[in-house]
Each structure stands twice: as structure tokens, then as C-alpha cells.
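Mapping of the sequence shown onto this note's numbering: residues 417 to 532, in sequence order.
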Amino acid sequence: MDESKVGKLRPGMELVLTIGAIEGKRFKAVLEHIAPKGVEENGAIQFEIRAAIEEALLLFEGEAVFVEVETTPQTFEKRRVETGLSDGIVIEIVSGLVEKDRVKAKAAQLPGAPRG
Numbered sequence: 417m418d419e420s421k422v423g424k425l426r427p428g429m430e431l432v433l434t435i436g437a438i439e440g441k442r443f444k445a446v447l448e449h450i451a452p453k454g455v456e457e458n459g460a461i462q463f464e465i466r467a468a469i470e471e472a473l474l475l476f477e478g479e480a481v482f483v484e485v486e487t488t489p490q491t492f493e494k495r496r497v498e499t500g501l502s503d504g505i506v507i508e509i510v511s512g513l514v515e516k517d518r519v520k521a522k523a524a525q526l527p528g529a530p531r532g
């Protein structure tokens, strides 16, 4: 979160998240954490924030958890994330993503459709 906006945020406030790879959809989340110290990135101070994300967007490989993040239009890289609390549907992302990241959504699996 850019330093010009972080002062307006408070833990516990409701957020509406948009994920670039899912056009036209918005997801409700609750802001869980704002980093106390920012990091300079491209000439601006950025503060890490944490909010919950739908578990369906995660890729589990053994003990590791990944998401696919868009690097250029329609090009994605697998990135490891650290997760926190979960209710089985929504999970906290502790590290590995920043607000501007665009996470790839998994295609819905239709009943009777081949898996693979």
C-alpha cells in the first residue's frame, strides 16, 4: 500500500479486493495487518498489508503454498506465499504478495468434466 493511502487504513476495516485476473469481480475481505515500517520501492514508500484470500486460489505442494501471479499480460509465475489463519474458505496471506499483485484464479471445475 502506498504511503499516501496507508494513513486512511485501520485493521478490522472492510475492504473490497479486486484481482486483475478475474475481471469484473470484487471480493470482500477484512484488513488484518498494516506493517509498522514501509519499504522504498520505485521511489515510493510501500507498506505491506494483510487481508484474507480465498483458499481456492492457492496451490498446495507438500508443505509449501503457492499462487500464480501475473508478471505480464496473460503470463504467470508461481510464487510461494506464507499463510496464516484459515476458516476453510478464506485464508490469511502473511507474506509473498503485495496489493498490486494480480493472482490467477483457478477455472471452476464443472460436474462431470474431465479432470487433469
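Glycine included, each C-beta is placed from N, C-alpha and C at the ideal position.
Task: CB contact flag (residue 496, residue 478, <8 Å) - done: no
TODO: State buried or exposed for residue 520, treating a residue as buried only when at least 16 other CB atoms are found within 10 Å of its CB.
DONE: buried
Open item on the list: Using a Cβ-Cβ cutoff of less than 8 Å, which residues in the same chain neighbour residue 422 once the five nearest sequence positions on both sides are dropped?
Closed with: 450, 454, 463, 465
TODO: Rounded to whole angstroms, what's the CA-CA distance from residue 431 to residue 447? Just pull it up for me.
DONE: 7 Å
Task: Rounded straight-line distance, which links the Cα of residue 485 to that of residue 506 - done: 18 Å
Task: Helix, strand or coil at residue 428 according to DSSP, with G and I counted as helix - done: coil
- [ ] Just tell me which of 442, 456, 428 has its CA closest to the CA of residue 420.
- [x] 456
Task: C-alpha gap between residue 508 and residue 491, whole angstroms - done: 25 Å
TODO: Using the Cα positions of residue 428 and residue 474, report the straight-line distance between them to the nearest angstrom.
DONE: 23 Å
Task: 6 Å CB neighbourhood of residue 494 in its chain, flanking five on each side removed - done: 482, 484
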